[in-house]
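Have a look at the structure below before the remarks.
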């Protein structure tokens with residue numbers, strides 16, 4: 353259940369969001385220098401509208417696993433001085449990610465492949481589908497598979513079972529890999545961790561069901577896909593990544609579906625990789641992506 | 353007022369739309385062969401949903417200017433046999449195009465420059481703007497410029513004056529090059545010829561005013577532009593061309609406006625060129641573009 | 353070994369290449385009409401440089417399997433009149449395709465997955481690799497796998513064995529899915545059927561070994577991949593498809609390799625699909641792609 | 353001769369390049385904080401191959417024009433401690449840019465338009481062309497124009513005159529906007545400031561003359577353009593920006609030229625804007641672009 357690549361045990365990532373005030377970068381840089389950190393990547397952004405400041409610092413620190421608690425304690429005064437929201441993560445402690453799928457398996461396939469290649473920094477304690485066919489996709493990867501059928505009448509029960517499963521496996525990220533069930537607001541708040549969905553349109557165009565049929569009806573010349581965090585409002589959460597592909601009058605709905613599969617795979621896998629590498633910060637209903 | 357390039361006087365284009373029935377291509381090809389036409393380009397499409405057939409035939413015929421009427425008479429039996437909507441145009445008879453602009457002049461500039469390079473097969477009998485600054489843009493091209501101010505109270509009068517101007521100059525195509533006035537349904541039907549608009553979003557996302565501000569609020573990762581034929585319903589007419597450009601959290605609304613200008617110029621000029629070359633056929637609220 | 357989709361048994365494709373002479377389209381269209389063919393797609397092109405004419409006609413004909421020989425006989429007079437090179441294929445008779453791979457398995461994976469989804473119209477009688485690891489990739493698809501090791505000393509023998517295998521299985525197309533051995537001119541001519549290769553650069557830039565390292569050294573801002581037919585001259589055969597992806601100063605060679613994998617998968621699978629659907633015609637060292 | 357936009361008089365940019373050593377970011381951040389600078393943008397990069405560190409800091413400082421010398425003196429100890437190459441520029445002091453053109457005027461047009469819109473932070477003390485037609489393009493912008501004919505026999509003299517002109521006007525950047533003369537190594541070193549060229553191919557493919565004809569011969573499926581700094585070796589200098597556009601078998605060389613014009617305009621204007629905003633740092637024969 354662990355990805356095959358061997359990340360650097362001494363690599364850490366510090367994510368910061370706070371009001372933009374003079375001296376914040378100097379204070380963080382000084383902290384990193386005093387701790388003996390070797391900064392390998394740094395990115396920052398100040399939103400002009402509300403002067404919110406965002407920073408991502410990636411660094412190597414000798415004997416990080418033993419020093420992590422001390423490091424966090426040492427950072428506390430800096431964080432308090434600037435009233436920061438912050439998070440310190442270890443690259444070698446991959447997040448626990450659950451994949452949810454339905455009958456369409458292309459996004460699931462893509463994520464599993466990339467994970468096996470070491471392109472996704474995650475553990476995958478379980479894959480869940482409301483359709484039994486996904487079992488066969490998951491089998492070659494040796495991952496636990498749960499078939500959890502959902503009908504109109506059993507939706508509440510199914511969500512409760514799912515929540516139990518996710519909690520048992522200490523899941524920190526759910527990826528909806530073309531999972532065709534709408535999750536309730538109760539489930540979303542009950543889970544309490546990020547959920548990434550792939551919507552098969554260029555949002556906010558074509559919200560809801562059958563976006564490729566909607567796109568065909570409207571006669572658009574590009575089709576797209578959108579990866580976003582799930583919120584209680586359907587297809588309205590913060591957008592992480594989008595891409596498009598050109599189509600024309602020769603493309604029927606079935607062609608849009610086929611062309612769209614490739615776009616969906618690309619967009620979802622980029623968004624998931626960025627989230628796992630702590631590159632995505634929330635800012636209201638938008639994202640800052642340090643890619 | 354004539355474009356500088358010298359199109360082939362013997363080049364013609366035949367546009368056809370009819371129900372798809374056996375023998376239609378054979379009949380058209382046989383007609384072209386018997387007339388001694390040298391086909392230089394041919395494209396066709398059958399819409400699977402309603403089996404509507406579309407064809408564009410570009411050919412050279414010696415002494416075309418003298419033979420045009422006879423050619424049309426000769427084609428009539430073929431057209432009647434298949435109940436065709438059809439149109440025969442001469443490449444050397446460029447369409448009469450009016451450009452309408454407001455304060456933003458980038459699309460106007462682009463069209464004038466491409467026209468001067470010979471990339472747009474049109475005559476431009478007039479440029480109209482509700483803002484006086486456009487006069488300076490038009491001057492180096494030696495084209496007639498009309499300043500036609502519009503206010504809430506004078507909108508009906510202004511539309512009437514515009515219609516008179518377009519009729520006097522026998523205009524066959526109006527291009528709204530970021531013309532910031534909504535044309536009334538009466539004007540559209542009164543004019544009776546195609547009107548192409550550029551909307552500065554990836555339609556159907558962000559219909560209406562300030563689409564770049566809407567896009568920034570939603571946090572999209574691509575911005576786009578859409579060239580479409582104008583209908584009575586705002587931003588809902590048949591789409592001719594669309595394109596997008598990547599943006600990120602560093603881009604403020606002003607950056608979207610700047611980046612979008614390039615996309616708008618590209619998309620509008622492609623759509624106008626295709627229309628002028630008789631490459632765009634209407635199919636309900638969609639387009640077939642033989643590009 | 354058969355793809356899961358069920359192609360229309362009555363669908364045929366006629367590919368034509370000849371000197372462009374008056375009446376050729378009329379003659380072909382008339383032939384199709386007289387035979388009772390329902391044309392579902394037609395595309396044509398005349399190369400202005402040498403007036404070579406290319407055509408692809410896709411049509412449905414009732415009871416095609418029984419009528420194929422008669423159809424070919426009926427077409428002979430047309431073909432002879434215009435001195436055509438031509439070919440009539442049945443969509444329901446998928447080509448026999450062999451896949452060759454080495455250690456890098458992403459292109460192999462992509463092709464197998466698309467094949468299983470029914471996106472590649474082929475039979476796959478065998479997969480061959482000079483590296484044993486590919487066996488595991490092929491296993492879930494239930495396809496015969498041959499491990500054929502190649503060393504400097506055994507290259508001639510290995511090519512002979514490979515040729516025997518391909519002949520035994522009546523292979524009509526070989527796809528080099530990142531097969532890292534250069535095939536000899538003797539092998540290429542001995543096989544006598546098309547071979548498609550994916551080169552991991554935007555040809556003709558970075559011919560030969562380690563194109564991503566070459567691209568990194570040159571500091572290019574886009575990396576690409578090229579699918580082409582194999583000829584005796586390395587990386588110089590007719591190009592079928594190319595695409596690129598943006599890179600920047602933050603991308604090390606390993607990042608180019610990772611980003612490039614996605615481009616390679618896309619480009620190779622498009623090229624193979626087009627070849628299998630008889631959309632690619634050769635014109636000297638270039639291709640006409642009716643896509 | 354000044355651009356119409358009014359840049360912030362208190363905005364400065366600090367560019368740094370040095371060996372990557374612990375504490376460099378902390379020292380720079382601390383310096384900016386102590387001086388009371390309001391950092392509006394910061395970007396950095398360490399090249400893994402040779403551990404070279406690059407940084408760009410954009411900040412506002414009250415009364416910058418009066419404090420500039422003191423600021424530079426205050427930074428000297430930091431710069432010396434880390435053995436930095438560095439440069440402090442004022443956004444409100446636009447660089448003095450000369451444009452060189454020949455008969456093809458599309459790149460010249462684009463740069464002049466964007467400059468007039470305020471998108472290029474430059475003064476343009478002169479435009480030079482070896483062809484008289486460019487005079488008409490330059491006239492509406494009210495900029496000094498010099499016609500400097502070049503023939504085989506007069507090339508050395510022409511270069512000497514050009515050098516004198518550039519020195520008289522204290523030019524800091526030359527942009528070759530499709531200037532069709534190869535500049536000698538002596539001229540390049542004699543001028544001593546950056547020269548940006550647009551090459552109409554995706555370098556390193558199709559170096560030298562007639563790249564679109566070369567691209568057509570090779571049958572590529574994408575054509576491109578490359579903006580790069582000029583060095584003594586033809587088309588081999590550091591690449592700043594590249595882009596491509598899809599082409600097909602229907603596109604003749606004239607179409608590639610037409611399509612390429614748009615790509616050239618886009619690529620060159622992006623590269624020039626980035627250079628003017630101090631976003632491009634040299635690293636051997638490559639560039640770091642903080643865009």
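Residue numbers (the working numbering), protein chains in the order written: chain A, 353 to 643; chain B, 353 to 643; chain C, 353 to 643; chain D, 353 to 643. Note that the Cβ used here is the ideal one computed from N, Cα and C, for glycine as well.
In angstroms with no decimal places, state the Cα-to-Cα distance between residue i and residue j.
i                      : j                      : result
residue 545 of chain A : residue 526 of chain A : 8 Å
residue 457 of chain D : residue 462 of chain A : 47 Å
residue 490 of chain A : residue 459 of chain A : 12 Å
residue 540 of chain B : residue 520 of chain B : 16 Å
residue 592 of chain C : residue 616 of chain C : 13 Å
residue 572 of chain B : residue 375 of chain D : 37 Å
residue 417 of chain C : residue 372 of chain C : 31 Å
residue 506 of chain A : residue 579 of chain A : 28 Å
residue 470 of chain A : residue 449 of chain A : 14 Å
residue 511 of chain D : residue 482 of chain D : 11 Å
residue 619 of chain C : residue 550 of chain C : 8 Å
residue 493 of chain D : residue 485 of chain D : 15 Å
residue 402 of chain A : residue 565 of chain B : 15 Å
residue 472 of chain A : residue 454 of chain A : 21 Å
residue 355 of chain B : residue 523 of chain B : Confidence at residue 355 of chain B is low in this model, with a pLDDT of 45, below 50, so its placement is unreliable and the value that follows should be read with caution. For residue 355 of chain B and residue 523 of chain B, the distance between alpha carbons rounds to 16 Å.
Tell me, please, which residues DSSP counts as bridged to residue i.
i                      : result
residue 364 of chain D : D:411, D:442
residue 581 of chain D : D:548
residue 447 of chain D : D:474
residue 421 of chain D : According to DSSP, which records beta bridges pairwise, residue 421 of chain D is partnered with nothing at all.
residue 514 of chain B : Its beta-bridge partners do not exist; DSSP assigns none.
By Cβ distance, which residues of its chain are closer than 6 Å to residue i, with the 5 residues on each side in sequence left out?
i                      : result
residue 386 of chain D : none
residue 497 of chain B : 479, 487, 490
residue 611 of chain D : 597
residue 396 of chain D : 407
residue 637 of chain C : 590
Assign residue i to one of three DSSP states: helix, strand, or coil.
i                      : result
residue 639 of chain C : strand
residue 389 of chain B : coil
residue 371 of chain A : strand
residue 602 of chain D : coil
residue 649 of chain B : Residue 649 of chain B cannot be examined here, being either before or after the span of chain B that is shown, 353 to 643.
residue 521 of chain B : coil
residue 359 of chain B : coil
residue 535 of chain C : coil
residue 631 of chain C : coil
residue 404 of chain C : strand
residue 376 of chain A : helix
residue 621 of chain A : helix
Excluding the 5 residues preceding and the 5 following residue i in the sequence, name in chain order all residues of the same chain whose CB lies nearer than 7 Å to its CB.
i                      : result
residue 451 of chain B : 460, 463, 476, 479, 527, 529
residue 621 of chain A : 462, 463, 466
residue 367 of chain B : 408, 438, 439, 630, 633
residue 513 of chain B : 500
residue 353 of chain B : Here the model assigns residue 353 of chain B a pLDDT of 44, short of 50, so the residue's position is not dependable, and the following value carries that caveat. For residue 353 of chain B, where only same-chain residues beyond five positions count, the Cβ hits under 7 Å are 475, 476, 477, 495.
Looking only at its chain, what residues have a beta carbon closer than 8 Å to the beta carbon of residue i, apart from the 5 residues adjacent to it on each side?
i                      : result
residue 614 of chain D : 597
residue 383 of chain A : 426, 427, 430
Examine the ligand MG and report whether any of its heavy atoms sits within less than 8 Å of the Cβ of residue i.
i                      : result
residue 519 of chain B : For the ligand MG, the structure offers nothing, since it holds no ligand at all.
Self-check item: Residues within the region 388–421 of chain D neighbouring chain C, beta-carbon criterion of under 7 Å
Solution: 397, 400
Practice problem: Determine which residues of the region 566–594 of chain B have a Cβ less than 7 Å from any Cβ of chain A, and write them out in chain order. | Solution: 570, 571, 572, 573, 574, 590, 591, 593, 594
Quiz prompt | Interface residues of the region 597–613 of chain C facing chain D [CB-CB below 8 Å] | solution = 600, 601, 602, 604
Quiz item: What residues in the region 441–463 of chain A have a beta carbon less than 7 Å from any beta carbon of chain C?
Solution: 461
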